[in-house]
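Mind the numbering: the sequence shown is residues 23 to 177 in my numbering, read in order.
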Amino acid sequence: MAAFFFVFLFCSSIPSHAQDSKRPALTGLGRFNHANFLLGSREYSASVREFARLIENYPGSPFLPEAQFRLAEAYFHSARYKDAEAEFGRFVANYPSSQFAPAAKTLLDVSKQKARIAKLPVIELKDAHIDSAEGLRAVQVMFFEAINRQELDVE
Numbered sequence: 023m024a025a026f027f028f029v030f031l032f033c034s035s036i037p038s039h040a041q042d043s044k045r046p047a048l049t050g051l052g053r054f055n056h057a058n059f060l061l062g063s064r065e066y067s068a069s070v071r072e073f074a075r076l077i078e079n080y081p082g083s084p085f086l087p088e089a090q091f092r093l094a095e096a097y098f099h100s101a102r103y104k105d106a107e108a109e110f111g112r113f114v115a116n117y118p119s120s121q122f123a124p125a126a127k128t129l130l131d132v133s134k135q136k137a138r139i140a141k142l143p144v145i146e147l148k149d150a151h152i153d154s155a156e157g158l159r160a161v162q163v164m165f166f167e168a169i170n171r172q173e174l175d176v177e
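Encoded structure:
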């Protein structure tokens, strides 16, 4: 009987939210702050996960527009440009009058460009000796298409 009483007392002292495994551990604000902290710490994969959880678990949250933008930003900074493009596009469609909309439109265009560049094939040059300065010029010319080689040497 004493054992039953002890078990009853122990179980009744556990808070109800600890017994409910479906209830999120963080509030919407807590998850938003945590995701922003991860983004600021350059933990992009973790911030993607946390922003996605916030969007999924708190669909009516006042933090939703910024969370959507930050999710796209985390994809962008982790070089996942196709995902960033999709999220920035979703953001612009869902929140066209947001304070983040101009930046989202710009980053949407940049994401499209970077995704297109990422699709370009990489050609390996075997047995080719390239002076490191020449190799650097080749890379610079690739990214600065309007500059010819003489202008590049001046730079």
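Yeah, the Cβ is synthetic: ideal placement off N, Cα and C, and Gly gets one too.
Nothing here was measured: the structure is a model prediction, and the numbers come from that model.
Across the set A125, E95, Y103 and K104, the C-alpha of E95 shows the shortest separation from the C-alpha of L60.
Cβ contact annotation for L129 (same chain, cutoff 8 angstroms, sequence separation greater than five): A94, E95, F98, A106 and F110, in chain order.
Counting of Cβ neighbours within 10 angstroms places Q90 among the buried residues, the total reaching 16 or more. Inclusion of G52 and Y80 in the CB contact set at 8 angstroms is not warranted, their separation being larger than that value. Annotation: S83 to I139 spans about 36 angstroms, alpha carbon to alpha carbon. DSSP places S67 within a helical segment (H, G or I) once states are collapsed to three. If only complete runs of 4 or more residues are kept, the stretch 81-134 shows the alpha helix (DSSP H) at 86-99 and 103-116, in order along the chain. Boundaries of the alpha helix (DSSP H) harbouring L51: G50 to G62, taken from the DSSP string.
Buried is the label assigned to R92, since at least 16 other Cβ atoms lie within 10 Å of its Cβ.
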